[in-house]
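Chemist: One structure, as structure tokens, below. Some questions next.
Number of protein chains: 4
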Amino acid sequence: MKINGKTFIVTGGASGLGLETSRHLSSLGANIFIMDMNEENGRKVVEELGSDKTMFSSVDITLEDSVKLSLEHCLKKFKEIHGVINCAGIAAAMRVVKRDGEIHPLDLFTRVVMVNLIGTFNVIRLVADIINKQNKSNDEEEKGVFIMTASIAAFEGQVGQSAYSASKSGVVGMTLPMAREFATLKIRINTIAPGTFETPMIGMLPQTAIKSINDSIPFPSRMGKPKEYAFLCQHLIENTYINGEVIRLDGALRLSKL
Amino acid sequence: MKINGKTFIVTGGASGLGLETSRHLSSLGANIFIMDMNEENGRKVVEELGSDKTMFSSVDITLEDSVKLSLEHCLKKFKEIHGVINCAGIAAAMRVVKRDGEIHPLDLFTRVVMVNLIGTFNVIRLVADIINKQNKSNDEEEKGVFIMTASIAAFEGQVGQSAYSASKSGVVGMTLPMAREFATLKIRINTIAPGTFETPMIGMLPQTAIKSINDSIPFPSRMGKPKEYAFLCQHLIENTYINGEVIRLDGALRLSKL
Amino acid sequence: MKINGKTFIVTGGASGLGLETSRHLSSLGANIFIMDMNEENGRKVVEELGSDKTMFSSVDITLEDSVKLSLEHCLKKFKEIHGVINCAGIAAAMRVVKRDGEIHPLDLFTRVVMVNLIGTFNVIRLVADIINKQNKSNDEEEKGVFIMTASIAAFEGQVGQSAYSASKSGVVGMTLPMAREFATLKIRINTIAPGTFETPMIGMLPQTAIKSINDSIPFPSRMGKPKEYAFLCQHLIENTYINGEVIRLDGALRLSKL
Amino acid sequence: MKINGKTFIVTGGASGLGLETSRHLSSLGANIFIMDMNEENGRKVVEELGSDKTMFSSVDITLEDSVKLSLEHCLKKFKEIHGVINCAGIAAAMRVVKRDGEIHPLDLFTRVVMVNLIGTFNVIRLVADIINKQNKSNDEEEKGVFIMTASIAAFEGQVGQSAYSASKSGVVGMTLPMAREFATLKIRINTIAPGTFETPMIGMLPQTAIKSINDSIPFPSRMGKPKEYAFLCQHLIENTYINGEVIRLDGALRLSKL
Ligand SMILES: NC(=O)c1ccc[n+]([C@@H]2O[C@H](COP(=O)([O-])OP(=O)(O)OC[C@H]3O[C@@H](n4cnc5c(N)ncnc54)[C@H](O)[C@@H]3O)[C@@H](O)[C@H]2O)c1
Ligand SMILES: NC(=O)c1ccc[n+]([C@@H]2O[C@H](COP(=O)([O-])OP(=O)(O)OC[C@H]3O[C@@H](n4cnc5c(N)ncnc54)[C@H](O)[C@@H]3O)[C@@H](O)[C@H]2O)c1
Ligand SMILES: NC(=O)c1ccc[n+]([C@@H]2O[C@H](COP(=O)([O-])OP(=O)(O)OC[C@H]3O[C@@H](n4cnc5c(N)ncnc54)[C@H](O)[C@@H]3O)[C@@H](O)[C@H]2O)c1
Ligand SMILES: NC(=O)c1ccc[n+]([C@@H]2O[C@H](COP(=O)([O-])OP(=O)(O)OC[C@H]3O[C@@H](n4cnc5c(N)ncnc54)[C@H](O)[C@@H]3O)[C@@H](O)[C@H]2O)c1
């Protein structure tokens, strides 16, 4: 799909990977509709990218009505939707059973799965319906493109990541069945599994932790730059033959047990 | 781990794969504690296997208190717990967007993930805590064994399986991080990904559907027998070196798009 | 890595995926050095792309001396080498034991593995040595980029593909250890696993076979275009953070048993 | 398949995993035919297990005639063949390009692939032909069972393992296409991917290396015992529904880069 002139929803677009993707797709001529809970950041992005081609909507992606209402605003402003980049997500680090005997709260597990997996599905199902109803195919072949964000923790989760890994491998596993379904709607869907990226999610770590992460990454031996994630999003939108695939973006990192 | 004399919880043990596993482990000398919502079936199993070595508890695995209370009953009767076979689960078949425009209800997605993924986690975290507190290691090396049940739909989900695939790949993805954590507790955890098995979950299909499923399975060209699932459970309990692994049990079936 | 002004070796560059990749990288300003056994085609490509920026060398990639000599020619003309796109490969379709009792010749198996796996390794090891000795890092970070070509038959090979699947999964499996090694050389390596592409390798099939292949591909429901492969190569060269990864390029196709 | 009274070929049966598997299957009542290059060890095994139910044949599995002749001896003694456990294999550790500039010899790569991949295929194709011609199905359903031995280096090969990883991932990749083909012959085929096992292949390492390997294995935090491998072989023979699958047997180990 050609990017220029198209409209993309970026969930979690107010920070980190989503923010950089919003910038990048905007610079390529796309309209950007950001769904995020962080109003302050959201408004800043619109200021930065310009309110003619960008819009922010305060949304909790786990809530049916919140997303529905937001999509109405999006359609009112941009008329059509051509894809979603799903970046909204939360991390969590907690052992199932800690050494001191504390047990992983069920609520925490549920919350992580709710946002990362169920929230992602919630947005996609509602947008798929809208794209399906948009009459004309935009490019010769395609009507829409979805990108989901998993994590390499989906494949080799570490100690403390049972909830996060479960939520992200859930995303990995629903990629193919959705690609198979969306074939008749002329929508593609792929997933990016990032390694460790320089974003606010990671930024709070102490300097020594960051050094040790960098050392564990084969090459390039540093965290990923959000621009590199955004660049892969661009390719996944533009290359029509990639579908139903999950791509690791990690400098050849494989997560060790700790 | 040797099976004779040990106590295993079997969730979903009142029907299908869990029922057959209860029978099999019981025949090998284990105490069986069944957690299931189906009281009628549950009571029948206890009758069949004998109430001295078997107990049924009416539990919804998604509910924290329900499982906790049930575990107290289990400990009262059997004193110790050595493992869980997680078979409780539900299926669902629904397109994200149907041809008639109907959209996959968010509730349905949430319910499937709640039971298959979050319910599984709920039971494991509470039992891991109990096993951790049991003083003595039962065998030379091991204090506990967990088996989770995914599905090959975790890997190549079909049209209509986005919720089911998501829930089951979530189980697949949390296998390794939990194995890594449970190492210090001397607990192993593995997952079985069944193909298509002759159970009530499948049994309602019309004869022609069953014939076409059988034809799609390379060899043996028939559905799996619950006994074959139970037999693999036995091996996963007995073979101490299998850990953090997901095993397909499917007669070499790979699910096609429809 | 920026492509303009760099020199890439394309094995199998005289036909199909390699040919289109040669054209594409050339159009982006790269020097192209084609290693192929097909002299006639090879010379045509040089004519098409211009002998100042393109060179053809008649090489059998399985032969140590043939590749070594060829690399000397390459260095004489272009001074430096920055990467290899490994497209040289052969297909084979033969049952292990045919219905009429004929057995898969060992030679055929060996030949397929020799070209697709060992030939690929032969070129990479010799070029890695050259890049390692080139003094200055070309871009800020990277000295070289390798791309190997596997096939989705590496993951779900069909009847008759034991040799081909073995050779291609061999390529898949050596991607990560090579990425880990090449980290110290500042070289990245990734693998593309194409589905079914419109090339001479496929072109000889009858029209009905092609129709049935197309129908099996979810979306886009047609064979891949070599341009789409070349476009992914471009991205793998340009996106510095993708390393040690294998990417399916297949329109969400999963190969069924036949 | 029931093991008692059946005849199994064990390649590499004179040492390590193959030796222990020979012992184990023999103790379960099987006839064992060992193909190995190590005559001294081979003769010892026959002495140990008894020459009525065991036979050794000095074979290089890479050679067509050597294997063919040996199979004639096997049939003469045991009349029928019901399966092969492929354990013959060699390891190799060599960087593609060493720090001192030495390049991985092509011969070494070829030799490793020749033994581990092509040799495995060579034995299987010839035995599949024999089993196919044996008139009666031995059990109700099955005529034969094959087990191949890969390695977890097929999935996350380390520095120095490009040849070994390539050969073992080749084995992984041909598992499914062979299972699909052998379906019509009523033969199952599966692959075991061992982690690190206490065998002569590993035994030569210094004590510190062994300690560091053990520490890297989550649980049980020690090398695998050949008995555990043999035990999984037993299960793969006995459980009719496991087919086309690759099973990691590694105590939840994931290989890090070094
Ligand atoms: N940064 C990394 O290293 C890394 C690695 C692997 C995967 N990821 C994934 O990438 C995605 C983006 O991560 P990031 O590093 O940019 O994080 P981030 O915290 O910088 O940004 C995430 C954004 O999502 C928003 N958000 C969270 N919950 C939401 C909800 N319920 N509804 C709407 N918006 C919500 C937050 O407000 C925030 O703006 C996440 O899904 C994360 O799991 C990140
Ligand atoms: N049968 C198959 O072909 C197949 C294939 C792949 C995976 N599986 C999985 O195997 C497992 C067992 O399946 P089955 O075929 O035996 O199904 P089944 O329906 O025969 O048995 C499932 C049991 O789980 C119980 N259960 C459901 N929800 C529960 C809850 N919230 N709390 C407690 N108990 C609950 C049910 O009452 C039932 O007794 C499931 O997880 C299923 O997804 C089955
Ligand atoms: N076309 C497809 O559908 C498809 C699908 C999956 C993978 N692939 C892989 O993509 C690669 C390119 O395939 P293609 O379709 O372009 O095939 P192609 O036959 O059009 O081109 C392959 C080229 O490799 C050359 N070659 C073969 N053996 C060689 C040797 N020993 N030394 C040097 N050159 C040699 C041939 O001369 C030919 O020019 C192959 O590795 C193939 O296995 C192709
Ligand atoms: N030991 C481990 O930690 C480990 C780990 C992963 C995989 N494996 C694999 O398991 C298999 C068995 O390994 P092991 O540790 O028992 O090794 P081992 O060296 O103890 O035994 C291998 C046997 O194979 C025989 N052999 C080698 N080449 C042969 C040939 N061309 N023809 C016939 N026989 C040949 C040897 O003579 C030897 O008896 C190998 O394939 C190995 O790659 C072993």
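Residue numbers (UniProt numbering), protein chains in the order written: chain R, 1 to 258; chain S, 1 to 258; chain Z, 1 to 258; chain X, 1 to 258.
Glycine included, C-beta positions come from ideal geometry on N, C-alpha and C.
If you're wondering where the values come from, they're calculated on a predicted model, not measured in any experiment.
1) What residues of chain S sit near L28 (chain X), judged by a beta carbon separation below 7 Å?
2) Taking DSSP as the reference, what is the three-state secondary structure of S70 (chain X)?
3) What residues from chain B crowd round S256 (chain S), counting only those whose CB sits closer than 8 Å?
4) Which word fits Q207 (chain X), buried or exposed, when buried means at least 16 other C-beta atoms lie within 10 angstroms of its C-beta?
5) Give the list of continuous beta strand (DSSP E) stretches no shorter than 3 residues that lie fully inside the segment 37 to 66 of chain X.
6) Listed in chain order, which residues are found with a beta carbon closer than 5 Å to a heavy atom of ligand 4?
7) Assign S57 (chain Z) to one of two classes, buried (16 or more other C-beta atoms within 10 Å of its C-beta) or exposed (fewer than that).
8) Would DSSP call L106 (chain S) helix, strand or coil?
9) When burial is assigned at 16 or more other CB atoms within 10 Å of the CB, is residue 268 (chain S) buried or exposed?
10) Find the residues of chain R that neighbour E40 (chain X), judging by a C-beta separation of less than 8 Å, and give them in chain order.
11) If you check the beta carbons only, do K227 (chain X) and E20 (chain X) fall under 8 Å apart?
12) V84 (chain X) to M1 (chain S), Cα distance in whole Å?
13) Leaving out five residues before and five after L249 (chain S) in sequence, what residues of the same chain have Cβ atoms less than 8 Å from its Cβ?
14) Would you say T240 (chain X) lies against chain S (beta-carbon separation less than 8 Å)?
15) Since L249 (chain R) is in the beta strand (DSSP E), which residue starts that stretch and which ends it?
16) With DSSP run on the structure shown, which of helix, strand or coil describes N190 (chain X)?
17) Three-state secondary structure (DSSP) at N122 (chain S)?
18) Spatial neighbours of L205 (chain X) within its chain, please: C-beta separation below 8 Å, excluding the five flanking residues on both sides.
19) Looking at C-beta atoms only, is the number of pairs between the segment 141 to 161 of chain X and the segment 103 to 122 of chain Z that lie closer than 8 Å three or more?
20) According to DSSP, simplified to helix, strand and coil, what is V97 (chain X)?
21) Cβ of N41 (chain R) within 7 Å of any heavy atom in ligand 1?
22) Measure from the C-beta of E141 (chain S) to each C-beta in chain X and report whether the shortest distance is under 8 Å.
23) Could you please tell me which residues of the segment 188 to 207 of chain R, in chain order, have their CB closer than 9 Å to any CB of chain S?
24) Classify F155 (chain Z) as helix, strand or coil using the three-state DSSP reduction.
25) Taking a contact to mean a Cβ-Cβ separation below 8 Å, would you say G13 (chain X) touches C87 (chain X) in this structure?
26) Below 8 Å on the Cβ atoms is my guess for V246 (chain Z) versus V172 (chain Z); work out the distance and round it to an integer in Å.
27) Report the CB separation of L126 (chain S) from K68 (chain S) in whole angstroms; it is logged as a contact under 8 Å.
28) Mind listing the chain Z neighbours of E245 (chain S)? Cutoff is C-beta to C-beta under 8 Å, in chain order.
29) Can you give me the C-alpha to C-alpha distance between P177 (chain R) and V159 (chain S), rounded to a whole angstrom?
30) From Z:G89, Z:R95, Z:T240 and Z:K98, pick the residue whose C-alpha is nearest to that of G111 (chain Z); which is it?
31) Does any residue of chain S have a CB that is nearer than 8 Å to the CB of V159 (chain R)?
32) Taking the alpha carbon of R222 (chain S) as the point to measure from, which residue in X:N132, X:M174 and X:E141 has its own alpha carbon closest?
33) Is F219 (chain Z) helix, strand or coil by DSSP?
34) Strictly by DSSP, which residues pair up with M148 (chain R)?
35) At a cut-off of 7 Å, is G119 (chain R) close to ligand 1 when judged by its beta-carbon and the heavy atoms of the ligand?
36) Against L176 (chain Z), what residues of chain R qualify as contacts under a CB-to-CB distance less than 8 Å, listed in chain order?
Modeler: A quick look at the data gives this:
1) By 1-based counting over the fourth sequence, the position of residue 28 (chain X) is 28. The contacting residues do not exist; L28 (chain X) stays about 14 Å from chain S at best.
2) The sequence position of residue 70 (chain X) within the fourth sequence is 70, counting from 1. Helix, per DSSP.
3) Any reference to chain B falls outside this structure, whose protein chains are R, S, Z and X.
4) Indexing the fourth sequence from 1 puts residue 207 (chain X) at position 207. When all chains shown are included, Q207 (chain X) counts as exposed.
5) 54 to 58
6) X:G12, X:A14, X:S15, X:G16, X:L17, X:D36, X:M37, X:N38, X:D60, X:I61, X:C87, X:A88, X:G89, X:V115, X:T149, X:S151, X:P194, X:T196, X:F197, X:T199, X:P200, X:M201 and X:I202
7) Here residue 57 (chain Z) corresponds to residue number 57 of the third sequence, with the count starting at 1. Label assigned to S57 (chain Z): buried.
8) Reading the second sequence from its first residue, position 106 is the one you call residue 106 (chain S). Of the three classes helix, strand and coil, the one that applies to L106 (chain S) here is helix, per DSSP.
9) The structure shown does not extend to residue 268 (chain S), since chain S is modelled only from 1 to 258, so the question has no answer here.
10) For the purposes of this step, residue 40 (chain X) is taken as the residue at position 40 of the fourth sequence. Result: empty, since nearest Cβ-Cβ is about 40 Å, beyond 8 Å.
11) Position 227 of the fourth sequence, counted from the start, is the residue given in the question as residue 227 (chain X). Position 20 of the fourth sequence, counted from the start, is the residue given in the question as residue 20 (chain X). It is a contact, given that the beta carbons lie within the stated cut-off.
12) Residue mapping note: residue 84 (chain X) aligns to position 84 of the fourth sequence, counting from 1. Residue mapping note: residue 1 (chain S) aligns to position 1 of the second sequence, counting from 1. Distance between the alpha carbons of V84 (chain X) and M1 (chain S): 28 Å.
13) Within the second sequence, residue 249 (chain S) is the residue found at index 249, counting from 1. For L249 (chain S), where only same-chain residues beyond five positions count, the Cβ hits under 8 Å are I192, A193, P194, G195, G224, E228, Y229 and L232.
14) Position 240 of the fourth sequence, counting from 1, holds the residue named residue 240 (chain X). It does; some Cβ of chain S falls within 8 Å.
15) Position 249 of the first sequence holds residue 249 (chain R). Looking at the DSSP string, the run of the beta strand (DSSP E) that includes L249 (chain R) is V246 to L249.
16) Within the fourth sequence, numbered from 1, the residue matching residue 190 (chain X) stands at position 190. N190 (chain X): strand per DSSP, three-state reduction.
17) Along the second sequence, one-based indexing puts residue 122 (chain S) at 122. N122 (chain S) falls in the helix class under three-state DSSP.
18) Locating residue 205 (chain X) in the fourth sequence gives position 205, counting from the first residue. Closer than 8 Å at the Cβ level, and outside the excluded window around L205 (chain X), lie I213.
19) no
20) Taking the fourth sequence and counting its residues from 1, the one referred to as residue 97 (chain X) is at position 97. V97 (chain X): strand per DSSP, three-state reduction.
21) Against the first sequence, residue 41 (chain R) aligns to sequence position 41. Yes, the Cβ of N41 (chain R) comes within 7 Å of a heavy atom of ligand 1.
22) The residue you call residue 141 (chain S) lines up with position 141 of the second sequence. E141 (chain S) counts as touching chain X.
23) none
24) In the third sequence, counting from the first residue as 1, residue 155 (chain Z) sits at position 155. The answer is helix: DSSP assigns F155 (chain Z) an H, G or I state.
25) Within the fourth sequence, residue 13 (chain X) is the residue found at index 13, counting from 1. Within the fourth sequence, residue 87 (chain X) is the residue found at index 87, counting from 1. Against a cut-off of 8 Å, the Cβ pair of C87 (chain X) and G13 (chain X) comes out as a contact.
26) Against the third sequence, residue 246 (chain Z) aligns to sequence position 246. Against the third sequence, residue 172 (chain Z) aligns to sequence position 172. About 5 Å; that satisfies the 8 Å criterion.
27) Counting from one through the second sequence, the residue named residue 126 (chain S) turns up at place 126. Counting from one through the second sequence, the residue named residue 68 (chain S) turns up at place 68. 6 Å between Cβ atoms; contact.
28) As a first step, residue 245 (chain S) is located in the second sequence; it is residue number 245 there, counting from the start. Chain Z residues near E245 (chain S): none, gap ~18 Å exceeds 8 Å.
29) Here residue 177 (chain R) refers to the residue found at position 177 when the first sequence is read from its first residue. Here residue 159 (chain S) refers to the residue found at position 159 when the second sequence is read from its first residue. The alpha-carbon atoms of P177 (chain R) and V159 (chain S) are separated by roughly 5 Å.
30) Translated into the one-based positions of the third sequence, residue 111 (chain Z) becomes position 111. The question names Gly, yet the displayed sequence has Arg at residue 111 (chain Z). Nearest of Z:G89, Z:R95, Z:T240 and Z:K98 to R111 (chain Z), Cα basis: Z:G89.
31) Position 159 of the first sequence, counted from the first residue, corresponds to residue 159 (chain R). Taking Cβ atoms only, chain S reaches closer than 8 Å to V159 (chain R), which makes this a yes.
32) Position 222 of the second sequence holds residue 222 (chain S). Comparing Cα positions, the closest option is X:E141.
33) Locating residue 219 (chain Z) in the third sequence gives position 219, where the first residue counts as 1. Correct three-state label for F219 (chain Z): coil.
34) Reading the first sequence from its first residue, position 148 is the one you call residue 148 (chain R). Beta-bridge pairing links M148 (chain R) to R:N86 and R:T191.
35) Translated into positions along the first sequence, residue 119 (chain R) becomes position 119. Yes.
36) Within the third sequence, the letter at position 176 stands for residue 176 (chain Z). Neighbours of L176 (chain Z) on chain R, chain order: A252 and R254.
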